[in-house]
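Data first, discussion second: the structure below is written as structure tokens.
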Amino acid sequence: MKKLIYLMVVIAILGLFVSGCSIPLKFVVPTLEKGNPKPELGAPKIERGVFVNHGYSSPPWYPPEEATDRYQWGPKIDWADPSVEVLVNPTASGVTSLSAVVAEVEKGFEAWDVASGPFEVKVSWDDTVGPSLDEPDEVNTVSWGTIDGAGGIVAVTYYWYYVNTKELIDTDIIFDSAESWSITGESNKFDVWNIATHEAGHTLVLGDLRSPKDGALTMHAYTWLGDTMKSTLGSGDILGIQAIYGK
Ligand SMILES: [Ca+2]
Ligand SMILES: [Ca+2]
Ligand SMILES: [Zn+2]
Numbered sequence: 001m002k003k004l005i006y007l008m009v010v011i012a013i014l015g016l017f018v019s020g021c022s023i024p025l026k027f028v029v030p031t032l033e034k035g036n037p038k039p040e041l042g043a044p045k046i047e048r049g050v051f052v053n054h055g056y057s058s059p060p061w062y063p064p065e066e067a068t069d070r071y072q073w074g075p076k077i078d079w080a081d082p083s084v085e086v087l088v089n090p091t092a093s094g095v096t097s098l099s100a101v102v103a104e105v106e107k108g109f110e111a112w113d114v115a116s117g118p119f120e121v122k123v124s125w126d127d128t129v130g131p132s133l134d135e136p137d138e139v140n141t142v143s144w145g146t147i148d149g150a151g152g153i154v155a156v157t158y159y160w161y162y163v164n165t166k167e168l169i170d171t172d173i174i175f176d177s178a179e180s181w182s183i184t185g186e187s188n189k190f191d192v193w194n195i196a197t198h199e200a201g202h203t204l205v206l207g208d209l210r211s212p213k214d215g216a217l218t219m220h221a222y223t224w225l226g227d228t229m230k231s232t233l234g235s236g237d238i239l240g241i242q243a244i245y246g247k
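Anchor point for the sequence shown: position 212 equals 212 in the numbering used here, and the numbering is continuous, going up by one each time.
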């Protein structure tokens, strides 16, 4: 009998100890109550990508090869909503007819628009816009500005995107204002339509092609004074945009 009482006391103490362990935990670990604000998540991470395009005085081979069926999609980032608005600031282009510059840029974007049903672009003239600097402003722009002086780089395209959803937020194209620009394909200048179509492809995050075989495609990296081969899309360019947005 003594033994039994002793055993019962031990069980009671153990029971207290076990429940004693579990009771405080409920108070240490706070439970979410109805109406409490959810724990704050950090702002979604944003990154910026860039395509830099150099210009040359003459084509690397002649005649340029055929437009192949090849294309390169960059890091698979695209617009969640493929209805995109682009504002063009032609002020520093050095071309007399600014309205013609805007029209040439529009032709560059329209080439991609007509090749893909879902991608719809609206291009407008706006003398106030320029590229986003430290963070995206969700205003897609094309403008002329200082890059590296005459020679070297002719244009740069920036694209901002959410890292986890891989959705585009903002794209900005800058044409180098130190280069000579043409709206008629003059042989000693860079052609606005030609470069605009190529850079517009970069805003869709199509990558550069570099093989001579792909030399007649819009997305070929090599451009030169008087080049107009990139103005209209080749078969590989069309396959590229359709791979992203369908027909
Ligand atoms: Ca912007
Ligand atoms: Ca330059
Ligand atoms: Zn390029």
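Positions of the beta carbon are idealized from the N, C-alpha and C atoms, including for glycine. Here the structure is a predicted model, which means the values were calculated and not measured.
With distances taken between CB atoms, is the gap from residue i to residue j smaller than 8 Å?
i, j, result
"T146", "S180", "no"
"N53", "V192", "no"
"V156", "V88", "no"
"D81", "P131", "no"
I want to check one thing, is the minimum distance from the CB of residue i to the heavy atoms of ligand 1 below 7 Å?
i, result
"V139", "yes"
"D134", "no"
"D170", "yes"
"P250", "Outside the shown range of the chain (1 to 247) lies residue 250, about which nothing can therefore be said."
Give a single yes or no on whether residue i has its beta carbon closer than 7 Å to a heavy atom of ligand 3.
i, result
"N164", "no"
"A200", "no"
"N89", "no"
"F109", "no"
"D208", "yes"
"A221", "yes"
"F51", "yes"
What's the gap between the Cα of residue i and the Cα of residue j?
i, j, result
"E120", "F51", "22 Å"
"K76", "G226", "32 Å"
"L233", "W112", "8 Å"
"W68", "G42", "The question names Trp, but residue 68 is Thr in the sequence shown. Cα-Cα distance, rounded: 45 Å."
"L239", "E186", "30 Å"
"L209", "E106", "23 Å"
"F243", "M229", "In the sequence as displayed, the identity of residue 243 is Ala instead of Phe. Roughly 22 Å separates the two Cα atoms."
"V95", "K213", "33 Å"
"P37", "P44", "A caution first: P37 carries a pLDDT of 47, below 50, which makes its placement in the model unreliable, though a value can still be read off. Taking the straight line from one Cα to the other gives about 19 Å."
Which residue or residues does DSSP assign as beta-bridge partners of residue i?
i, result
"N89", "S143"
"N53", "A155"
Q: Any chance you could list the residues with Cβ under 5 Å from a heavy atom of ligand 2, keeping chain order?
A: D148, G152, I153, D176
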